[in-house]
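To start, the structure under review is shown below, and the notes come after it.
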Amino acid sequence: MELKKAFGLALRQFRNSKGLTQEDFSRLSSRTYMSTLERGQKMPKLDKVDDLSRMIGIHPVTLLAGCYLNLENELTMDELLDRVRDELQQTLLVAPAGAPPNA
0 MELKKAFGLA LRQFRNSKGL TQEDFSRLSS RTYMSTLERG QKMPKLDKVD
50 DLSRMIGIHP VTLLAGCYLN LENELTMDEL LDRVRDELQQ TLLVAPAGAP
100 PNA
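Under numbering that gives the first Met the number 0, the letters of the sequence shown match residues 0 to 102, in that order.
Dropping the structure here:
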């Protein structure tokens, strides 16, 4: 599956899970644009990902994680989250859960 299709599938999955229709996004985007996103024909910019995820009621990283879980079928949710946690801790020097900052 290509990235645009994986994103579109994640967007549709989260939208449907919250009982939202494409029309519910009309203040952000047209129904036609939502449809092109969900069919994997277009990829939104990061600020649009933020808007869409907030409209759904999820964190933007959750939407992107759903995308990459669709894209990388062999990857489990726990494996993806562990990898992200490790990379954030190594790169941004984020303290592990329960540890004081900058420990």
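Ideal Cβ placement from N, Cα and C applies to all residues, glycine included.
Exposure of GLU86 is indicated by the presence of fewer than 16 other C-beta atoms within 10 angstroms of its C-beta. The three-state secondary structure of PRO59, taken from DSSP, is helix. Taking all protein chains in view, the Cβ of VAL60 is surrounded by fewer than 16 other Cβ atoms within 10 Å, so the residue is classified as exposed. For SER28, the secondary structure class from DSSP, reduced to helix, strand or coil, is coil.
Contact check for GLY7 against LEU51 fails: the beta carbons are separated by 7 angstroms or more.
Of the candidates LEU91, GLY65, THR90 and ARG26, GLY65 places its Cα closest to the Cα of LEU79.
LEU91 is classed as exposed because its beta carbon has fewer than 16 other beta carbons within 10 Å across all chains shown.
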